[in-house]
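Notes follow the structure.
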Amino acid sequence: MNTTITDQKLLQSLVNKEINKQNNCTSFASSSETSQSVSSEKFDSEENNCSTKGFIWPDAAVYLLLELYREKESDFSSGSKRNTTVWTELAEKMKENSNGKYVVTGLQCSVKMSDPCKKRRVEAILETFIDDIKQNRETAMAKKEEEKKKREKLKEKQYTERKEERRKLHEEKLAVQKSLIEIMKTLVEKQK
(Lines of atoms letter the chains of each structure in order from A and count residues from 1; the text may use other names and numbers.)
(Lines give C-alpha, C1' and ligand atoms only; values in the text may rest on other atoms or scores of the structure.)
Protein backbone atom coordinates (compact mmCIF):
# COMPACT_ATOMS: atom_id res chain seq x y z
CA MET A 1 0.00 0.00 0.00
CA ASN A 2 2.86 2.39 0.87
CA THR A 3 4.55 1.72 -2.45
CA THR A 4 1.33 2.62 -4.27
CA ILE A 5 1.07 5.92 -2.43
CA THR A 6 4.77 6.57 -2.98
CA ASP A 7 4.36 5.77 -6.69
CA GLN A 8 1.42 8.12 -6.95
CA LYS A 9 3.28 10.91 -5.19
CA LEU A 10 6.35 10.30 -7.33
CA LEU A 11 4.33 10.27 -10.50
CA GLN A 12 2.44 13.42 -9.49
CA SER A 13 5.66 15.23 -8.68
CA LEU A 14 7.16 14.10 -11.99
CA VAL A 15 4.10 15.31 -13.84
CA ASN A 16 4.27 18.65 -12.02
CA LYS A 17 7.96 18.94 -12.89
CA GLU A 18 7.28 18.21 -16.54
CA ILE A 19 4.50 20.79 -16.66
CA ASN A 20 6.78 23.37 -15.03
CA LYS A 21 9.60 22.44 -17.38
CA GLN A 22 7.36 22.80 -20.38
CA ASN A 23 6.12 26.17 -19.17
CA ASN A 24 9.55 27.63 -18.33
CA CYS A 25 12.16 25.05 -19.34
CA THR A 26 14.11 26.21 -16.28
CA SER A 27 15.30 24.52 -13.16
CA PHE A 28 12.70 23.68 -10.57
CA ALA A 29 12.54 25.89 -7.51
CA SER A 30 10.16 24.01 -5.31
CA SER A 31 11.95 22.20 -2.52
CA SER A 32 9.39 19.38 -2.48
CA GLU A 33 10.09 18.80 -6.14
CA THR A 34 13.87 18.87 -5.77
CA SER A 35 13.94 16.36 -2.91
CA GLN A 36 13.18 13.25 -4.96
CA SER A 37 13.71 9.69 -3.86
CA VAL A 38 16.39 7.46 -5.36
CA SER A 39 13.80 5.65 -7.48
CA SER A 40 13.22 8.78 -9.55
CA GLU A 41 16.89 9.52 -10.30
CA LYS A 42 16.67 7.85 -13.68
CA PHE A 43 14.04 10.40 -14.70
CA ASP A 44 16.04 13.43 -13.52
CA SER A 45 18.33 13.37 -16.54
CA GLU A 46 15.29 13.24 -18.81
CA GLU A 47 13.51 16.07 -17.01
CA ASN A 48 16.44 18.46 -17.03
CA ASN A 49 16.91 18.03 -20.76
CA CYS A 50 14.92 20.79 -22.47
CA SER A 51 15.10 18.99 -25.81
CA THR A 52 12.37 16.60 -24.63
CA LYS A 53 10.04 19.59 -24.53
CA GLY A 54 10.23 19.81 -28.29
CA PHE A 55 8.50 16.52 -29.07
CA ILE A 56 5.27 17.21 -30.92
CA TRP A 57 2.78 14.39 -30.70
CA PRO A 58 1.44 13.59 -34.17
CA ASP A 59 -1.90 11.80 -34.32
CA ALA A 60 -0.22 8.51 -35.22
CA ALA A 61 1.97 8.73 -32.11
CA VAL A 62 -1.09 9.40 -29.98
CA TYR A 63 -2.88 6.41 -31.50
CA LEU A 64 0.16 4.25 -30.80
CA LEU A 65 0.37 5.57 -27.23
CA LEU A 66 -3.29 4.77 -26.64
CA GLU A 67 -2.92 1.30 -28.12
CA LEU A 68 0.12 0.52 -25.99
CA TYR A 69 -1.52 2.06 -22.92
CA ARG A 70 -4.49 -0.28 -23.35
CA GLU A 71 -2.09 -3.22 -23.56
CA LYS A 72 -0.30 -2.14 -20.36
CA GLU A 73 -3.42 -1.02 -18.47
CA SER A 74 -3.42 -4.15 -16.33
CA ASP A 75 0.19 -3.42 -15.26
CA PHE A 76 -0.86 0.01 -13.99
CA SER A 77 -3.80 -1.32 -11.98
CA SER A 78 -2.21 -4.53 -10.68
CA GLY A 79 0.53 -2.80 -8.71
CA SER A 80 3.01 -5.55 -9.63
CA LYS A 81 5.26 -2.94 -11.25
CA ARG A 82 6.00 0.64 -10.43
CA ASN A 83 4.12 3.04 -12.66
CA THR A 84 7.38 4.72 -13.67
CA THR A 85 8.68 1.34 -14.86
CA VAL A 86 5.51 0.71 -16.85
CA TRP A 87 5.69 4.17 -18.43
CA THR A 88 9.34 3.58 -19.34
CA GLU A 89 8.47 0.22 -20.92
CA LEU A 90 5.63 1.90 -22.79
CA ALA A 91 8.02 4.57 -24.12
CA GLU A 92 10.47 1.88 -25.25
CA LYS A 93 7.65 0.02 -27.00
CA MET A 94 6.67 3.23 -28.78
CA LYS A 95 10.24 3.58 -30.04
CA GLU A 96 10.30 -0.07 -31.17
CA ASN A 97 6.91 -0.04 -32.85
CA SER A 98 7.66 3.18 -34.71
CA ASN A 99 11.14 2.06 -35.85
CA GLY A 100 12.71 4.86 -33.83
CA LYS A 101 10.40 7.54 -35.19
CA TYR A 102 8.81 8.37 -31.82
CA VAL A 103 11.57 8.72 -29.25
CA VAL A 104 9.79 9.73 -26.07
CA THR A 105 10.35 9.20 -22.40
CA GLY A 106 8.12 7.44 -19.93
CA LEU A 107 7.49 10.78 -18.32
CA GLN A 108 6.35 12.33 -21.60
CA CYS A 109 3.92 9.45 -22.09
CA SER A 110 2.66 9.84 -18.54
CA VAL A 111 2.20 13.57 -18.95
CA LYS A 112 0.46 13.07 -22.28
CA MET A 113 -2.08 10.78 -20.66
CA SER A 114 -2.54 12.82 -17.46
CA ASP A 115 -2.29 16.49 -18.45
CA PRO A 116 -5.88 17.76 -18.82
CA CYS A 117 -5.10 19.94 -21.85
CA LYS A 118 -3.27 17.14 -23.59
CA LYS A 119 -5.88 14.64 -22.49
CA ARG A 120 -8.52 16.78 -24.19
CA ARG A 121 -6.42 16.72 -27.36
CA VAL A 122 -6.13 12.95 -27.10
CA GLU A 123 -9.88 12.75 -26.62
CA ALA A 124 -10.38 15.10 -29.58
CA ILE A 125 -8.15 12.90 -31.73
CA LEU A 126 -10.12 9.86 -30.63
CA GLU A 127 -13.39 11.62 -31.37
CA THR A 128 -12.07 12.60 -34.80
CA PHE A 129 -10.97 9.03 -35.40
CA ILE A 130 -14.36 7.70 -34.31
CA ASP A 131 -16.15 10.34 -36.39
CA ASP A 132 -14.06 9.35 -39.41
CA ILE A 133 -15.03 5.72 -38.87
CA LYS A 134 -18.70 6.70 -38.53
CA GLN A 135 -18.48 8.89 -41.62
CA ASN A 136 -16.80 6.10 -43.59
CA ARG A 137 -19.49 3.72 -42.40
CA GLU A 138 -22.23 6.19 -43.34
CA THR A 139 -20.62 6.75 -46.73
CA ALA A 140 -20.41 3.01 -47.27
CA MET A 141 -24.03 2.62 -46.20
CA ALA A 142 -25.09 5.43 -48.54
CA LYS A 143 -23.14 3.78 -51.37
CA LYS A 144 -24.78 0.45 -50.64
CA GLU A 145 -28.19 2.12 -50.54
CA GLU A 146 -27.47 3.86 -53.84
CA GLU A 147 -26.32 0.58 -55.40
CA LYS A 148 -29.44 -1.11 -54.04
CA LYS A 149 -31.63 1.57 -55.62
CA LYS A 150 -29.76 1.18 -58.92
CA ARG A 151 -30.27 -2.60 -58.80
CA GLU A 152 -33.95 -2.10 -58.01
CA LYS A 153 -34.31 0.33 -60.92
CA LEU A 154 -32.49 -2.10 -63.18
CA LYS A 155 -34.71 -4.96 -62.01
CA GLU A 156 -37.78 -2.79 -62.53
CA LYS A 157 -36.58 -1.83 -66.00
CA GLN A 158 -35.84 -5.46 -66.85
CA TYR A 159 -39.25 -6.48 -65.46
CA THR A 160 -40.96 -3.79 -67.54
CA GLU A 161 -39.04 -4.88 -70.65
CA ARG A 162 -39.94 -8.54 -70.08
CA LYS A 163 -43.54 -7.57 -69.43
CA GLU A 164 -43.59 -5.57 -72.67
CA GLU A 165 -42.00 -8.49 -74.56
CA ARG A 166 -44.60 -10.87 -73.14
CA ARG A 167 -47.39 -8.46 -74.07
CA LYS A 168 -46.07 -8.18 -77.63
CA LEU A 169 -45.65 -11.94 -77.86
CA HIS A 170 -49.20 -12.39 -76.56
CA GLU A 171 -50.55 -9.91 -79.10
CA GLU A 172 -48.69 -11.72 -81.87
CA LYS A 173 -50.15 -15.02 -80.71
CA LEU A 174 -53.62 -13.46 -80.59
CA ALA A 175 -53.11 -12.09 -84.09
CA VAL A 176 -52.04 -15.56 -85.26
CA GLN A 177 -55.07 -17.10 -83.57
CA LYS A 178 -57.38 -14.52 -85.13
CA SER A 179 -55.88 -15.16 -88.52
CA LEU A 180 -56.30 -18.92 -88.00
CA ILE A 181 -59.89 -18.40 -86.95
CA GLU A 182 -60.46 -16.31 -90.07
CA ILE A 183 -58.87 -19.01 -92.22
CA MET A 184 -61.00 -21.69 -90.54
CA LYS A 185 -64.13 -19.59 -91.05
CA THR A 186 -63.35 -19.20 -94.71
CA LEU A 187 -62.71 -22.97 -95.03
CA VAL A 188 -65.97 -23.76 -93.26
CA GLU A 189 -67.88 -21.40 -95.52
CA LYS A 190 -66.25 -22.88 -98.62
CA GLN A 191 -67.25 -26.38 -97.52
CA LYS A 192 -70.84 -25.34 -97.14
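Using the numbering used here, read the sequence shown as starting at 1 and increasing by one per residue.
The C-beta atom is built at its ideal place from N, Cα and C for all residues, glycine as well.
On a predicted model such as this, the values are computed, not experimentally measured, just so you know.
Cα-Cα separation, residue i to residue j
{"i": "GLU182", "j": "LYS148", "result": "50 Å"}
{"i": "GLN135", "j": "LYS155", "result": "30 Å"}
{"i": "THR186", "j": "LYS168", "result": "27 Å"}
{"i": "LEU180", "j": "LYS190", "result": "15 Å"}
{"i": "SER77", "j": "SER110", "result": "14 Å"}
{"i": "THR84", "j": "ARG137", "result": "39 Å"}
{"i": "ALA140", "j": "ARG151", "result": "16 Å"}
{"i": "ALA60", "j": "GLU146", "result": "33 Å"}
{"i": "GLN108", "j": "ALA142", "result": "42 Å"}
Close Cβ partners of residue i (< 6 Å) along its chain, the five nearest in sequence each way excluded
{"i": "THR88", "result": "GLY106"}
Integer-rounded CB distance, given that residue j should sit under 8 Å from residue i
{"i": "LEU64", "j": "MET94", "result": "6 Å"}
{"i": "LYS101", "j": "LEU90", "result": "Contact flag wrong, Cβ pair sits at about 16 Å."}
{"i": "VAL62", "j": "ILE125", "result": "5 Å"}
Other residues of its chain near residue i: CB distance less than 8 Å, five sequence neighbours each side excluded
{"i": "LYS178", "result": "none"}
Own chain, CB closer than 7 Å to residue i, minus 5 neighbours either side, in chain order
{"i": "VAL103", "result": "LYS95"}
Runs of 4 residues minimum, wholly inside the segment 89-145: which ones carry the alpha helix (DSSP H) assignment? 106-114
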